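Q:
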Amino acid sequence: MQNEVKQYYGTELKTSVDLKTNACCTLTPPPLYIRNALSQIHDEVLAKYYGCGLTIPSALEGLTVLDLGSGSGRDCYLLSQLVGQSGCVVGVDMTEEQLEVASKHLAFHQQKFGYQKSNVQFIKGDIENLNECLPKGLKFDLVVSNCVLNLVSNKKKVLSDVFSLLSDGGEFYFSDVYADRRVPDTLKRDPVLWSECLSGALYWNDFLSLAKGSGFIDPRVVESKEITVNNDELKEKLGKIR
């Protein structure tokens, strides 16, 4: 499904208005300091944001952060402000069109944030092969991901790689879509259901097993909400899956 996802997020979706569900939308208003930081981000970057939650913990000053599936760069530029000039943010994405949007606004945000040099770097790469696109030996205090894990096929490998990239005491802080039961393989082969973050969703208990098997001892839910599927065709395909 990798090529289908590239096409969907690279050419089919122009802005978040084109989405068929609210799975890739952040509906809960963020805290005031986050809203203030978002107001400093370029409009084009914001328009092409397809995340599903807030993946930004507190106390980030000076940290080195990795964003998996960074897309247009919204969360990277948000994190850039919160880690400060002494921190560093690396975004990895496989979609050329999204990376182009993110990269062309590096100078804009550096100037907007008053930094002597940009503390953000974007890398083209497959998050299922992080060791191939990131410098060897690089460690991160924090890894974030916003509605991306469901889009990859080898979720166990991504989780294992993330664990190996974390510094001692580091955290993986992310938002994603989960199902109340295992999604049938027939639905996983539907490119729209997959790209809309639905049929690639893990059954929650399966996610817990994968996470613990990858080294994450104590996975925790910070916040959850039920998503809405307004498209009748997609709703019919999903049936009773929630």
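Residue numbers (my numbering): 76 to 317.
Even glycine gets a Cβ: it sits at the ideal position worked out from N, Cα and C.
Please read all numbers here as calculations on a predicted model, not as lab measurements.
So, using beta-carbon positions, are Leu262 and Lys310 closer together than 8 Å?
A: In this structure, Lys310 does not lie closer than 8 Å to Leu262 by Cβ.
Q: Please determine, among Lys192, Ser270, Ile292 and Lys199, the residue with the shortest C-alpha to C-alpha distance to Gly148.
A: Lys199
Q: Between the Cα of Thr139 and the Cα atoms of Glu119, Cys163, Ser235 and Leu226, which residue gives the shortest distance?
A: Here the closest residue by C-alpha is Cys163.
Q: What residue does the alpha helix (DSSP H) around Asn280 start on, and which one ends it?
A: Trp279 to Gly288
Q: Considering Cα atoms alone, identify which of Asp293, Trp279 and Cys272 is closest to Val304.
A: Per the Cα distances, Cys272.
Q: When you compare the stretch 152-168 with the stretch 238-254, are there three or more beta-carbon pairs, one atom per stretch, that lie closer than 8 Å?
A: no
Q: From the DSSP secondary-structure annotation, give me the bridge partner or partners of Val165.
A: Leu141 and Gln196
Q: Take the Cβ of Lys89 as the centre, count every other Cβ of all protein chains shown within 10 Å, and call the residue buried at 16 or more, exposed below.
A: Model confidence at Lys89 stands at a pLDDT of 48, short of 50, so the residue's coordinates are unreliable; what they give is reported in the following sentence. So Lys89 ends up on the exposed side.
Q: Taking the DSSP output, what are the residues bridged to Leu241?
A: BP columns for Leu241 point to Phe215.
Q: Residues in the same chain with beta-carbon distance under 8 Å from Asp255, minus the five sequence neighbours each way, listed in chain order, please.
A: Closer than 8 Å at Cβ, skipping near neighbours: Tyr278, Trp279, Ile316 and Arg317.
Q: Along the alpha helix (DSSP H) that carries Leu174, what are the first and last residues, could you check?
A: Glu171 to Lys179
Q: Any heavy atom of the ligand HEM closer than 7 Å to the beta-carbon of Leu213?
A: Looking at this structure, you won't find the ligand HEM or any other ligand, since it has none at all.
Q: Below 8 Å, can you find three or more Cβ-Cβ pairs linking the stretch 182-194 to the stretch 212-221?
A: no
Q: What residue range is occupied by the uninterrupted alpha helix (DSSP H) comprising Pro266?
A: Pro266 to Ser270
Q: Taking the beta carbon of Asp251 as the centre, do at least 16 other beta carbons fall within 10 Å, making it buried, or is it exposed?
A: buried
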